[in-house]
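Residue numbers (our numbering): 510 to 971. A virtual CB, placed ideally from N, CA and C, is assigned to each residue, including glycine. Computed from a predicted structure; not experimentally measured. Here is the structure we will look at, set down as structure tokens.
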RNA sequence: GGCCUCAUGGCGGAGUGGUGACGCAGCGGAUUGCAAAUCCGUGUACCCCAGUUCGAUUCUGGGUGAGGCCUCCA
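Okay, structure coming up:
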């Protein structure tokens, strides 16, 4: 069995993944708050951890990996959106949950094993808070229940922060309700007309961090193998998850390996709604093949920041085009995928996707050089397997090329066939002028003709 | 102010204590009626200054530059 090395944020180095139970490898990634559409930045952790999921499944078996990603469906921003639209929060959350799932499916992200929601775990959240309060890690105030950070001796392990340092640089306003400025809300008491749930502290709703602690405990156990999310979640979100869970569980670690993906950069400007440069997945997918968006997200190592540019996407469209062209030449829909060891090996080294793409280009070259039917069958099988691991190259090549210029009607295809047929005839008559003229006409239709000893073939190009 | 990343050719982007992947673009060749595609070959790079070392892009220290977090933003 392949050994998987992963960079553990908490240890600041690569460590071998040793599952607590290799028949039940557990992975949890923080998911979206469903109050609007997802942008491409939200997609990076989805695509990165989906690739990890695919690798884990290939190593431990499809049925032995449990991947949970939550849906946060209780939140101030959801309340605001619901209030503005004059509807119940469930209308907002259901709408955007469905859109989110559809967007991720577009990017080749596999469905999760579990998709816990906050609204379905309010009881567990309350139980956890009661436990923390009983053990003097939490206290009630006029507006809620807070976790008392100084009650945890080793708080700050993940983000390497010291309580004193944080207070020195604290920019948060002093909250008279809190005993310490670092304390954070476990439960917020409801203001009039806010959506709320009953609790021992009256009507209210959970704080931000507690949901993940409760959902992990219920769905996956006290300690999970891998916990992932964006780099920006290290503090305070993951730090606080650790605090809540470990204080409630007598110090039992919440996760053995913490993984964090780097942020996407957008030129000089941070993507923000006020700048109007938020790149939605739906908008990008109208302009580019979704598969190229996924490949672009995998083109840099997951921990590195990634500059998101049109040029990057365009380059990855070319990469896919080349791979599909190679597959098209040796296509046989009876071939079953073979997972190439070269790809598995580099992915096992902290998910080195750029190196995997280098291996992929070798596979493409092998496919182009394949002469015998055996060579072709193996080359195609390995390309399919590489695609399966990376979540790309899952279309039939013909479909990819057809998608490049949208839906084709039969009339156009017939027209192209006729032109190509005429061209074959004039070429046979060595009427090169007319042949070139027809090629120009075809080029205008985004059609590329290839002349070979056995006639001419054509395909759509970008 | 505190914590954390990063710095590789025209561009993107891996990796390594000793000939510096891979892709795109460029160039040469094969192939082609000419092309396209494909194959073969090829030039150009490791931020600066010290130190360790026979030897550093790779390790250590310092500097400079960029980014992230410290604000319920993936």
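query: Following the continuous alpha helix (DSSP H) through residue 804, name the residue where it begins and the one where it ends.; result: 799–807
query: Starting from residue 522, trace the beta strand (DSSP E) in both directions and tell me its first and last residue.; result: 522–525
query: Under three-state DSSP, which class holds residue 514?; result: strand
query: At the level of alpha carbons, what is the spacing between residue 721 and residue 910?; result: 42 Å
query: For residue 655, which of 646, 586 and 663 has the nearest alpha-carbon?; result: 646
query: Residue 844 and residue 889 - do their beta-carbons sit closer together than 8 Å?; result: yes
query: Suppose you measure from the CA of residue 600 to the CA of residue 879; what does that come to, to the nearest Å?; result: 55 Å
query: Name the one or two DSSP bridge partners that residue 659 has.; result: Note: residue 659 sits in no beta bridge, so no partner.
query: With 16 as the cutoff for other CB atoms within 10 Å, does residue 681 come out buried or exposed?; result: Confidence at residue 681 is low in this model, with a pLDDT of 49, below 50, so its placement is unreliable and the value that follows should be read with caution. The residue in question, residue 681, is exposed, as its Cβ has fewer than 16 Cβ neighbours within 10 Å.
query: Nearest to residue 756 by CA position, among 732, 772 and 771, is which residue?; result: 732
query: Classify residue 965 as helix, strand or coil using the three-state DSSP reduction.; result: strand
query: Going residue by residue through the segment 838–918, where are the continuous alpha helix (DSSP H) segments of at least 4 residues, counting only ones entirely within it?; result: 850–857, 862–878, 882–899 and 906–913
query: Does the contact criterion of 3 or more C-beta pairs under 8 Å hold for the segment 510–524 versus the segment 852–871?; result: yes
query: May I have the straight-line CA-CA distance separating residue 544 from residue 586, to the nearest angstrom?; result: 6 Å
query: Under the three-state reduction of DSSP, which class applies to residue 696: helix, strand or coil?; result: strand
query: Please go through the same chain and pick out, in chain order, the residues whose beta-carbon is closer than 6 Å to the beta-carbon of residue 783, but skip the five residues on each side of it.; result: Per-residue confidence for residue 783 stands at a pLDDT of 46, beneath the threshold of 50, marking its modelled position as unreliable; the derived number appears in the next sentence. Once the five neighbours on either side are set aside, residue 783 has no close Cβ partner at all.
query: Going by C-alpha distance, which of 946, 836, 949 and 922 is nearest residue 894?; result: 836
query: Using only alpha-carbon positions, find the residue among 648, 814, 925 and 694 that is nearest to residue 740.; result: 814
query: I need the straight-line Cα distance from residue 806 to residue 790, nearest angstrom please.; result: 12 Å
query: Among residues of its own chain, excluding the 5 on either side of residue 723, which ones have a beta-carbon nearer than 6 Å to its beta-carbon?; result: 630, 633, 634 and 637
query: Given a cut-off of 8 Å, decide if residue 802 and residue 616 are closer than it, judged by their beta-carbon atoms.; result: yes
query: Please state the DSSP three-state secondary structure of residue 922.; result: helix
query: Give me the Cβ distance between residue 626 and residue 582, rounded to the nearest whole Å; I'm assuming they're in contact under 8 Å.; result: 5 Å
query: Among 883, 892 and 730, which has the Cα closest to the Cα of residue 869?; result: 892
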